[in-house]
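There are 2 protein chains.
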Amino acid sequence: MRTKTCGELNINSAGQEVVVAGWVQTRRNLGKIVFLDVRDYSGMVQVVCVPNDLGVDYDLLKDVHSEYVVEIKGLVNKRGAKNINSELPTGEIEVLAKGFKILAKAEALPLDLNDEKIGLDVHLDNLPLTLRSEKYRALFKIQAEIVEAFREFLRKEKFTEFQCPKIVGDSTEGGSNVFEIKYFGTKAFLAQSPQFYKQIMVGVFERVFSVGNVYRAEEHATTRHLNEYTSLDLEMGMIKDHTDIMNLEVDFLQYLLDHLDKTVARELKLWNYERPELPKEAPVFKLREVQQLIKKETGVDHTKEPDLEPSEEKWICEYAKKKFKSDFVFVTHYPTVKRPMYTYPDEVDPEFTKSFDMLFRGVEVTTGGQRINNYEQLVGNIEKWGLKPEKFQFYLEAFKYGMPPEGGLAIGLERLTARLLGIDNIKYATLFPRDLNRIDLQISPPEYKQKKD
Amino acid sequence: MRTKTCGELNINSAGQEVVVAGWVQTRRNLGKIVFLDVRDYSGMVQVVCVPNDLGVDYDLLKDVHSEYVVEIKGLVNKRGAKNINSELPTGEIEVLAKGFKILAKAEALPLDLNDEKIGLDVHLDNLPLTLRSEKYRALFKIQAEIVEAFREFLRKEKFTEFQCPKIVGDSTEGGSNVFEIKYFGTKAFLAQSPQFYKQIMVGVFERVFSVGNVYRAEEHATTRHLNEYTSLDLEMGMIKDHTDIMNLEVDFLQYLLDHLDKTVARELKLWNYERPELPKEAPVFKLREVQQLIKKETGVDHTKEPDLEPSEEKWICEYAKKKFKSDFVFVTHYPTVKRPMYTYPDEVDPEFTKSFDMLFRGVEVTTGGQRINNYEQLVGNIEKWGLKPEKFQFYLEAFKYGMPPEGGLAIGLERLTARLLGIDNIKYATLFPRDLNRIDLQISPPEYKQKKD
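Going down the list, the protein sequences come from chains A and B.
For the first sequence, the working numbering assigns the number 1 to the initial residue and increments by one for each residue that follows.
For the second sequence, the working numbering assigns the number 1001 to the initial residue and increments by one for each residue that follows.
Structure follows, in structure tokens:
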């Protein structure tokens, strides 16, 4: 069994006899000498197999290629000055193999893990393999740290985490894009968000958060939609208005960017990461202001539209970057009629809401706002939206028995990851993406459907 | 707006003018003096309203009862020695109200939140309210810390977290207890566990964990089953055998018990928590040994049965408690035919597996073991189990390209919580439990079904 992990070896280990184990990342031959880069959970180390070293079985070594799992007994050796690899944390040393064991074989790889030009479908069809490449290992390390930063920040702010159910009795937000489940002779649905539950939980803990899957049965395949994604949700009571939530998000984003620099600097570098700019005062525009700006600039009059088009989201982001040195921009005051029934109307102009989207490098990654906390007002709105209050009986109970002014937000984890790393198609930033055509493997080709029958 | 949270007030705050805000936990009248216990996310403080204090509007105060949300301006006052409440962190002071505002009203409560005899259905029908009681707030604070301890421990051990999809193309483990989803003209299912994905991820990060919902379409309603629950999953490579996983679990449990003492001591006390006993060497029995013990002790011969009955699980737990001073006991070597196709057979006696259950105070809370990591052996087993390897093409890719000896475990969060706190019915330890008869509200009464049509 291994005595040391690859990543813990360094110049101080020189001269030690060790056993390391891991996956062969790459194999290089130099004459009869074989170099193996071996990786485990902690890092990577170079192993050198020299023919006249008696412990190494060269017949075994012959077949070894990328993704073989090997165990190596050897001597940690200080590298010569010109062989030092400053890119690699263990780059000052190497392991001189004296014994060699294969723990698991790998078939010949169907693709080159370092090939940057693998198409999306090939990449996704082969995720158990393609995720092992250095870049994708880095990507999902970064994603894990985004989630950790979200929790760490909110725990520091005394938010309580809760586990949210995903099977619901009705569609949460209205609308038809919900997945239906067969539930013991009746119907149930997959939750589009933890919205109702996080609001209920404000009554319990005042400040809550939840990280979990949410579901949208969107029938369109785009580079920014998924049918199942991870939502970072928070909700808090005792707010002045939606700006408290926006300010909290800015604080979180600062915390996140610092956290990533501290924990995954090496991984970020692999993606040519540029730390986003985020001024203390992040730019904020009302929807109508954005539309006026666009009209003035381009002549296109969308000042009566209820939302921004994707190209307009890009436009305002570029504008904010140029004018305010900010990669993040808040757009507030979306029309009341286009937001869910729980959205808080602005007292000054009730046709617009105290809601916001946060756009990041051209794409919306957060939706949030203040919610209606008054019971009668909420029941009134449910009716106004053409819905039946008795269907919301459980949810409404939270408001019947004392709910302070409150609000919250939801961040799409995969979108945030993609924007941070400059990834165009969100599916690359999703561990196992589900869409119209794919659950792990492609499901649309007719031959698959035949197989199902 | 509030200037201080309830929980941050202490003897050093005496003499300060503050504004606090929160929910009225209890109201007591003493002659004309009104005492309010006010809680927010940080804790609770006593507010005293004295009639001759001019700032308090006594007409408003008249209606105020539990769960009203109020904002109080007042003076922090040191309590007299005989009024000090040592049970309450803020028990040395109180707030003398000088101004009073209602932020949200509460209707008359339909039940007494401190009533310990509320039936299960009434409790669950009214969760948005009943979760606000001190005991249930404590319970779900504790649960949040269990999850945090799991992650903290595993991050310390260099495990990488991943976000696991829950929509799957086929039932993960075989068996019929899966929920079916309508998925764009085809069928999909809700995952029974992240099993396949965490194994795939061992190939990527060697050590991984995931916290998320899992689904069992069990048609029986018991005190220990749920249709949706939270699974704490880990999986790791480079193991010797299943005992590495068991040892890791013992280390985690020690870490967890220490973490709970440090973070939620007050909350645990509300549940009359007794810290479980866990010796350095936790007791381990093979299934057949347990059955032999039971036969010897009770005369009942179940030595050919493939599993323990619930009463036998209780029996071995009591035995381990008496004989080894342990509240935890591992049972290993379940029969190969009764475990999933990926379970590792014991080389010495392949009719039994290198799998284990961990029982805690009478109930199984963990299942784990070593998995088959050899590609050919795994394909062979899939066929032996009467399944089709081509259906497992995606999963199998992880094994085709190099998988070391590996294993893992899954802990049921709600079961663990219930056993720690001595809660008989798991539904009390589940935030919003789903079962045969309930998604938030009861779904079986015919009048509900009529409403759906």
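All C-beta atoms, glycine included, are put in the ideal place defined by N, C-alpha and C.
Being a predicted model, the structure only gives us computed values, none of them experimental.
Inset, instruction - With histidine 234 of chain A as the anchor, note down where its beta strand (DSSP E) starts and where it stops. - result: It should be noted that the sequence gives leucine, not histidine, for residue 234 of chain A. Taken as a continuous stretch (DSSP letters only), the beta strand (DSSP E) holding leucine 234 of chain A covers 228-237.
Legend entry - Uninterrupted beta strand (DSSP E) stretches inside the segment 1054-1092 of chain B (no shorter than 3 residues): Runs of the beta strand (DSSP E) inside the segment 1054-1092 of chain B: 1069-1078.
Inset, instruction - Can you give me the start and stop residues for the beta strand (DSSP E) that tryptophan 23 of chain A sits inside? - result: Boundaries of the beta strand (DSSP E) around tryptophan 23 of chain A: 17-30.
Inset, instruction - Could you confirm whether any beta carbon from chain B is found closer than 8 Å to the beta carbon of valine 168 of chain A? - result: At least one chain B Cβ lies under 8 Å of valine 168 of chain A.
Legend entry - methionine 1001 of chain B at chain A interface by Cβ criterion, 8 Å: Interface residue, yes.
Inset, instruction - Please go through the same chain and pick out, in chain order, the residues whose beta-carbon is closer than 6 Å to the beta-carbon of lysine 1101 of chain B, but skip the five residues on each side of it. - result: Contacts found: Glu1071.
Inset, instruction - Under 9 Å between beta-carbons, which chain A residues line up against threonine 1026 of chain B? List them in chain order, please. - result: By Cβ distance, chain A contributes nothing, its closest Cβ being about 13 Å from threonine 1026 of chain B, past 9 Å.
Legend entry - Three-state secondary structure (DSSP) of leucine 387 of chain A: Coil.
Legend entry - Beta-carbon separation (whole angstroms), leucine 1308 of chain B vs valine 1331 of chain B, contact threshold 8 Å: Going by Cβ atoms, the distance from leucine 1308 of chain B to valine 1331 of chain B rounds to 7 Å, so yes, they are a contact pair.
Inset, instruction - Would you mind telling me which residues of chain A sit closer than 7 Å to aspartate 1440 of chain B, beta carbon to beta carbon, in chain order? - result: What aspartate 1440 of chain B touches in chain A: Gly169, Phe394.
Legend entry - methionine 201 of chain A beta carbon less than 8 Å from that of valine 208 of chain A: Taking 8 Å as the Cβ cut-off, valine 208 of chain A and methionine 201 of chain A qualify as a contacting pair.
Legend entry - Contained beta strand (DSSP E) runs [length at least 3] in the segment 1168-1224 of chain B, N- to C-terminal order: Complete beta strand (DSSP E) runs here, min 3: 1180-1183, 1186-1190, 1207-1215.
Legend entry - Ordered list of alpha helix (DSSP H) runs contained in the segment 1237-1311 of chain B, each at least 4 residues: Qualifying alpha helix (DSSP H) stretches, in chain order: 1242-1263, 1265-1270, 1287-1298.
Inset, instruction - Return no unless some Cβ of chain C is closer than 8 Å to the Cβ of proline 1165 of chain B. - result: Of the protein chains in the structure, A and B, none is chain C.
Legend entry - Residues in the segment 1024-1052 of chain B having any Cβ partner in chain A nearer than 9 Å: Contact residues of the segment 1024-1052 of chain B toward chain A are Val1024, Arg1039, Asp1040, Tyr1041, Ser1042 (C-beta to C-beta distance below 9 Å).
Inset, instruction - Can you give me the Cβ contacts of alanine 1238 of chain B inside the same chain, cut-off strictly under 6 Å, excluding the 5 residues immediately before and after it? - result: Reading off the sequence, residue 1238 of chain B comes out as methionine, not alanine. For methionine 1238 of chain B, same chain residues with a beta-carbon under 6 Å away, outside a window of 5 residues either side, are Pro1404 in chain order.
Inset, instruction - Quick one: using the 10 Å Cβ neighbour count with 16 as the cut-off for buried, is proline 1350 of chain B buried or exposed? - result: When all chains shown are included, proline 1350 of chain B counts as exposed.
Legend entry - CB-CB length for alanine 188 of chain A against isoleucine 1439 of chain B, believed under 8 Å: Contact flag correct, Cβ pair sits at about 6 Å.
Legend entry - Cutoff 8 Å: arginine 1361 of chain B Cβ touching any chain A Cβ: No, arginine 1361 of chain B lies away from the interface with chain A (no Cβ there is under 8 Å from its Cβ).
Legend entry - Environment of proline 165 of chain A [buried if 16+ CB atoms lie within 10 Å]: Counting C-beta atoms within 10 angstroms of its own C-beta, proline 165 of chain A has 16 or more neighbours from the protein chains shown and is therefore classed as buried.
Inset, instruction - Given a cut-off of 8 Å, decide if glutamate 1318 of chain B and tyrosine 401 of chain A are closer than it, judged by their beta-carbon atoms. - result: Note that the C-beta distance between tyrosine 401 of chain A and glutamate 1318 of chain B is not below 8 Å.
Inset, instruction - Specify, as a first and last residue, the run of the beta strand (DSSP E) that threonine 367 of chain A falls within. - result: Start and end: 363-371.
Inset, instruction - State whether the segment 1038-1049 of chain B contacts the segment 1019-1029 of chain B, with contact taken as three or more CB pairs (one from each stretch) at a distance under 8 Å. - result: Counting C-beta pairs closer than 8 Å gives three or more between the segment 1038-1049 of chain B and the segment 1019-1029 of chain B, which meets the contact rule.
Inset, instruction - Could you check if leucine 1030 of chain B is buried or exposed, using at least 16 other CB atoms within 10 Å of its CB as the buried criterion? - result: Answer is exposed; the Cβ neighbour count stays below 16.
Inset, instruction - Would you kindly work out how many angstroms separate the C-alpha atoms of glutamine 1450 of chain B and leucine 1113 of chain B, rounded to a whole number? - result: With a pLDDT of 36 at glutamine 1450 of chain B, under the threshold of 50, the modelled position of this residue cannot be trusted, and the question is left open.
Legend entry - Cβ-based neighbour list, isoleucine 982 of chain B, same chain, cut-off 6 Å, excluding 5 preceding and 5 following: Because chain B spans 1001 through 1453 in this model, residue 982 of chain B falls outside it and cannot be assessed.
Inset, instruction - Quickly, what does DSSP pair lysine 101 of chain A with across the bridge? List them, please. - result: Beta-bridge partners of lysine 101 of chain A (DSSP): A:Glu71.
Legend entry - Where arginine 419 of chain A meets chain B, residues with beta-carbon distance less than 7 Å: Residues of chain B with a Cβ closer than 7 Å to the Cβ of arginine 419 of chain A do not exist; the shortest Cβ-Cβ separation is about 17 Å.
Inset, instruction - Report yes or no: is there a C-beta of chain A within less than 8 Å of the C-beta of methionine 1238 of chain B? - result: Chain A places a beta carbon closer than 8 Å to that of methionine 1238 of chain B, counting this residue as a contact.
Legend entry - Rounded C-alpha distance that separates asparagine 83 of chain A from leucine 131 of chain A: For asparagine 83 of chain A and leucine 131 of chain A, the distance between alpha carbons rounds to 29 Å.
Legend entry - Other residues of its chain near valine 1050 of chain B: CB distance less than 6 Å, five sequence neighbours each side excluded: The residues are Ile1033.
Legend entry - Contact with chain B by valine 69 of chain A, beta-carbon distance below 8 Å: For valine 69 of chain A, the nearest CB of chain B lies under 8 Å from its own CB, placing it at the interface with that chain.
Inset, instruction - Can you tell me which of A:Met236, A:Asn10, A:Arg224, A:Leu232 puts its alpha carbon nearest to the alpha carbon of glutamate 206 of chain A? - result: Out of A:Met236, A:Asn10, A:Arg224, A:Leu232, A:Met236 has the C-alpha closest to the C-alpha of glutamate 206 of chain A.
Inset, instruction - Note down, in chain order, every chain A residue with its Cβ under 9 Å from the Cβ of leucine 943 of chain B. - result: Nothing can be reported for residue 943 of chain B, as the shown portion of chain B is limited to 1001 through 1453.
Inset, instruction - Report the rounded CA-to-CA distance for asparagine 10 of chain A versus leucine 1409 of chain B, giving the unit in angstroms. - result: Approximately 33 Å, taken between the alpha carbons.
Inset, instruction - Could you pull the start and end residues of the beta strand (DSSP E) that glutamine 163 of chain A belongs to? - result: Careful: glutamine 163 of chain A lies outside any beta strand (DSSP E) and carries neither H nor E.
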